[in-house]
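Take the sequence shown: its position 50, counted from the start at 1, is 50 in the numbering used here, and no numbers get skipped.
Here a beta-carbon is modelled for each residue, glycine too, at the ideal position from N, C-alpha and C.
Comments concern the structure below.
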Amino acid sequence: MKKNVRIRHSCCVNLVLYLIGIILMPVGVVMTIMSGLGAGGYDAWNFALAGLLGQPVSSGIYISSVCVILLTAVIRRRIPRFTTFITSFLLGVFTDLWQRICLNSGISTLHPYLLFAGGMIIVAFCAAAYMEGDLPPGPTDDLVVAFHRKGLGLGNVKLVMDLICAAMAFCLGGEIGAGTVLLTFGLGPLIGGFHTYILKAVNKFENRGKTYENEDRENFCGGPDD
Numbered sequence: 001m002k003k004n005v006r007i008r009h010s011c012c013v014n015l016v017l018y019l020i021g022i023i024l025m026p027v028g029v030v031m032t033i034m035s036g037l038g039a040g041g042y043d044a045w046n047f048a049l050a051g052l053l054g055q056p057v058s059s060g061i062y063i064s065s066v067c068v069i070l071l072t073a074v075i076r077r078r079i080p081r082f083t084t085f086i087t088s089f090l091l092g093v094f095t096d097l098w099q100r101i102c103l104n105s106g107i108s109t110l111h112p113y114l115l116f117a118g119g120m121i122i123v124a125f126c127a128a129a130y131m132e133g134d135l136p137p138g139p140t141d142d143l144v145v146a147f148h149r150k151g152l153g154l155g156n157v158k159l160v161m162d163l164i165c166a167a168m169a170f171c172l173g174g175e176i177g178a179g180t181v182l183l184t185f186g187l188g189p190l191i192g193g194f195h196t197y198i199l200k201a202v203n204k205f206e207n208r209g210k211t212y213e214n215e216d217r218e219n220f221c222g223g224p225d226d
């Protein structure tokens, strides 16, 4: 019985971390785009593609995601994992939502450096939370894993993907600049730092829950003198 309670508690924590990452990460992405200093390669590509088509940003995210899912299936030589689209769908919805909110709230009037720094920090924290959530990965994460299983390093695959997306975004007039370089090479260490912090916080929270559970059980069963 104790083991089952622990599993349900862990799933709850995972869901909270996943939702924090998925709901708030688009805020950081939108802020880096609005800064005009350059966005991450994949994000810049999605915004540029959507702009080219005259559609909401979510459309660019969905088109890119489907292409990545199909490419991953070819690499694996298996049926496409369309379950990974769940994450992309949610990211698309919240990106459109936060873009409207940021445009109407005056956030875009902040200093570009402040916008970029704030956006980068938010993206890093949310990415760390999303990773620790350990729920369905996004298409790009699945693609990185597929290449990794072919013997390629995770960091190298991610770097090449970011550079390719940045090049494509640049060709479409996307937000590529000095900030893109900073995000490409600096986001990883920042995510790692936040991930360590989140992991410690989650472990502390779960251990506290375990302590309360044991105390409740002892009170229910009675102490040695009862």
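Neighbour flag for residue i against chain D, beta carbons, 8 angstroms
i: Ser-10; result: Of the protein chains in this structure there is only one, and it is not chain D.
Nearest to residue i (by Cα), restricted to the options the options
i: Gly-60; options: Ala-39, Gly-40, Ser-88; result: Ser-88
i: Ala-117; options: Arg-81, Val-160, Leu-187; result: Leu-187
i: Gly-192; options: Ala-201, Phe-125, Leu-135; result: Phe-125
i: Leu-52; options: Leu-154, Gly-173, Ala-201, Leu-159; result: Gly-173
i: Arg-77; options: Ile-107, Thr-184, Lys-150; result: Lys-150
i: Glu-175; options: Val-66, Ala-146, Cys-67, Phe-47; result: Phe-47
i: Pro-189; options: Lys-200, Val-202, Ala-146, Ala-127; result: Ala-127
i: Ile-75; options: Leu-143, Val-57, Val-13; result: Leu-143
i: Val-13; options: Leu-135, Val-57, Pro-139, Leu-114; result: Leu-135
i: Arg-81; options: Val-202, Thr-140, Leu-163; result: Thr-140
i: Gly-92; options: Cys-67, Asn-104, Val-57; result: Val-57
i: Ser-35; options: Ser-105, Thr-109, Ser-65; result: Thr-109
Three-state secondary structure (DSSP) of residue i
i: His-111; result: coil
i: Pro-80; result: coil
i: Glu-175; result: coil
i: Leu-152; result: coil
i: Leu-135; result: coil
i: Gly-106; result: coil
i: Ile-20; result: helix
Beta-carbon spacing of residue i, residue j below 8 angstroms
i: Ile-198; j: Ala-129; result: yes
i: Leu-90; j: Ile-22; result: yes
i: Gly-28; j: Gly-119; result: yes
i: Thr-196; j: Ala-39; result: no
i: Trp-45; j: Met-161; result: no
i: Ile-69; j: Leu-49; result: no
i: Leu-17; j: Glu-206; result: no
i: Leu-24; j: Ile-122; result: yes
i: Thr-95; j: Ala-146; result: no
i: Ile-101; j: Met-31; result: no
i: Pro-137; j: Thr-84; result: yes
i: Leu-37; j: Ala-178; result: yes
With 16 other Cβ atoms within 10 Å as the buried cut-off, status of residue i
i: Asn-4; result: In this predicted model, Asn-4 has a pLDDT of only 42, less than 50, meaning its place in the structure is not dependable enough to derive any value.
i: Asp-216; result: Below a pLDDT of 50, predicted positions are generally treated as unreliable, and Asp-216, at 48, falls in that range; no measurement from the model is reported.
i: Gln-99; result: buried
i: Pro-112; result: exposed
i: Cys-165; result: buried
i: Cys-171; result: exposed
i: Lys-200; result: exposed
i: Lys-158; result: buried
i: Phe-194; result: buried
i: Leu-115; result: buried
i: Asn-219; result: Low confidence applies to Asn-219: its pLDDT is 48, below 50, so where it sits in the model is not reliable enough to give any reading.
i: Ser-65; result: buried
Residue i CB to nearest heavy atom of the ligand NAD below 7 angstroms
i: Asp-96; result: Here there are no bound small molecules, and the ligand NAD is not part of this structure.
(request) Please list the segments of the alpha helix (DSSP H) lying wholly inside the segment 23-63, counting only runs of 4 or more residues, in order along the chain. (result) For the segment 23-63, whole alpha helix (DSSP H) runs of length 4 or above, ordered along the chain, are 41-53.
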